[in-house]
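**Q** So in the numbering used here, spot 70 of the sequence shown is number 70, and the numbers just go up one at a time.
Idealized CB from N, CA, C, for every residue including glycine.
Handing you a structure now.
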Amino acid sequence: MMIPGFTLPSQQGVTITLREATVSDLLDFADSEPAFEEKVTTLFLNRLQDKATFVDSKEWTVEDRRFALYWYWLHTTDDAEVAIKYACGHCGKTHTFLQDYRKIGDTYQSIKGLPERDIEIDGKRITVKPLNGGDAEILESMALSGDGRKEQAKRRIEHLSRVANIPVAEIIALTVKEFRALEASIKEALSDLQHGFEIDIDGTQTSFVLPPHTCPNNKEVQTRVRVLFRTYDFVPAL
Ligand SMILES: [Zn+2]
Numbered sequence: 001m002m003i004p005g006f007t008l009p010s011q012q013g014v015t016i017t018l019r020e021a022t023v024s025d026l027l028d029f030a031d032s033e034p035a036f037e038e039k040v041t042t043l044f045l046n047r048l049q050d051k052a053t054f055v056d057s058k059e060w061t062v063e064d065r066r067f068a069l070y071w072y073w074l075h076t077t078d079d080a081e082v083a084i085k086y087a088c089g090h091c092g093k094t095h096t097f098l099q100d101y102r103k104i105g106d107t108y109q110s111i112k113g114l115p116e117r118d119i120e121i122d123g124k125r126i127t128v129k130p131l132n133g134g135d136a137e138i139l140e141s142m143a144l145s146g147d148g149r150k151e152q153a154k155r156r157i158e159h160l161s162r163v164a165n166i167p168v169a170e171i172i173a174l175t176v177k178e179f180r181a182l183e184a185s186i187k188e189a190l191s192d193l194q195h196g197f198e199i200d201i202d203g204t205q206t207s208f209v210l211p212p213h214t215c216p217n218n219k220e221v222q223t224r225v226r227v228l229f230r231t232y233d234f235v236p237a238l
């Protein structure tokens, strides 16, 4: 079965169509290492794509890839309600509720203008682009080498290097002050490039930002619950 086509949130002119996975597909996906979620995402999206409109999902943005997995899941699941539990910052109690994932679409936005922004640092023009799938795979493999302060800092630098196309050697030669200024400018450009669902990208982890949930103990206050995006929650398994 073909899933209805969708437009890439980062590129309004590109429509992608996925087919439903077969048992044979799932047997092949089952070979992949669970820690490599980005790799599995690439494999899944490339394999199930209609060849007539194929675009390598390594070139899609991380947001496009999340959206595509959600889209697939939404059109193949029997139950779009997901149980959510969170510690309420307002009343201090734990709340549970069912989130209808069809409603996550309310936070969707397509990209404003081109999927890149130019910034100027010390008179030099730098083009910032959203992180793509190929970059995400590299950052993911770096994450497997550890999560100490040094590894985290290295990933942060690699991330900047990839989205702004600046060699790592140039970044590590900057003074701390210059580095902070560069990072702030890049982050600002990336936030202006926001597209797809509202998601938080923190290092190598992505979270959905759910629509506001009203505290049952105080109807005046709401919380935007963050739910870690796990590829395996959206990719079918046997
Ligand atoms: Zn509460």
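#1: How about the stretch 181-190 and the stretch 119-129: do they share at least three Cβ pairs that are nearer than 8 Å?
#2: Quick one: any contact between the stretch 228-237 and the stretch 64-74, if contact means 3 or more CB pairs under 8 Å?
#3: Within the structure, which residues are defined as neighbours of ligand 1 by a Cβ-heavy atom distance below 6 Å, reported in chain order?
#4: Whether or not the stretch 71-90 and the stretch 149-157 are in contact is what I'm after, with contact meaning three or more pairs of Cβ atoms, one per stretch, closer than 8 Å; do they touch?
#5: What residue range does the beta strand (DSSP E) around A87 cover?
#6: What are the residues that DSSP puts in a beta bridge with L228?
#7: Please confirm if the stretch 101-110 is in contact with the stretch 171-185, defined as three or more CB-CB distances below 8 Å between the two stretches.
#8: How big is the Cα-Cα spacing for K58 and A30?
#9: If contact is defined by three or more beta carbon pairs under 8 Å, each pair taking one atom from either stretch, is the stretch 43-63 in contact with the stretch 130-150?
#10: Drop a sphere of 10 angstroms on the beta-carbon of R125, count the other beta-carbons inside from all chains shown, and report buried for 16 or more, exposed for fewer.
#11: Please name the residue in E140, V23 and P216 whose C-alpha comes closest to that of L238.
#12: For my contact list, A136 and E38 are in at a C-beta cut-off of 8 Å; report their separation, rounded to the angstrom.
#13: Please classify Q152: does DSSP put it in a helix, a strand, or coil?
#14: Please report how far the alpha carbon of D28 lies from the alpha carbon of V82, in whole angstroms.
#15: Ordered along the chain, which non-local residues of its own chain (more than five positions away) have a Cβ less than 7 Å from that of R47?
#16: Which partner residues does F97 have in the DSSP bridge list?
#17: Of all Cβ atoms in chain D, is any one closer than 8 Å to the Cβ of L193?
**A** This is what the structure holds:
#1: In short, these stretches touch, since the Cβ pair count reaches three.
#2: The way I'd put it, the stretch 228-237 does touch the stretch 64-74; three or more beta-carbon pairs between them come closer than 8 Å.
#3: Taking a cut-off of 6 Å from the heavy atoms of ligand 1, the residues with a C-beta inside it are C88, H90, C91, K93, H95, C215 and N217.
#4: No: fewer than three Cβ pairs fall under 8 Å.
#5: Segment E81 to A87, the beta strand (DSSP E) holding A87.
#6: Beta-bridge partners assigned by DSSP to L228: S207.
#7: Proximity of the stretch 101-110 to the stretch 171-185 falls short of the contact definition, fewer than three beta-carbon pairs being nearer than 8 Å.
#8: Near 20 Å, if we compare the C-alpha coordinates of A30 and K58.
#9: Short answer: they touch.
#10: Around the C-beta of R125, fewer than 16 other C-beta atoms lie within 10 Å, and the residue is accordingly described as exposed.
#11: For L238, the closest of E140, V23 and P216 by C-alpha to C-alpha distance is V23.
#12: E38 and A136 do touch by the CB rule: their CB atoms are close to 4 Å apart, below 8 Å.
#13: If DSSP states are grouped into helix, strand and coil, Q152 belongs with the helices.
#14: One Cα belongs to D28, the other to V82, and the distance between them is close to 27 Å.
#15: The residues are D25.
#16: In the DSSP output, where bridge partners are listed per residue, F97 has I84.
#17: Of the chains in the structure shown, none is chain D; there is only one protein chain.
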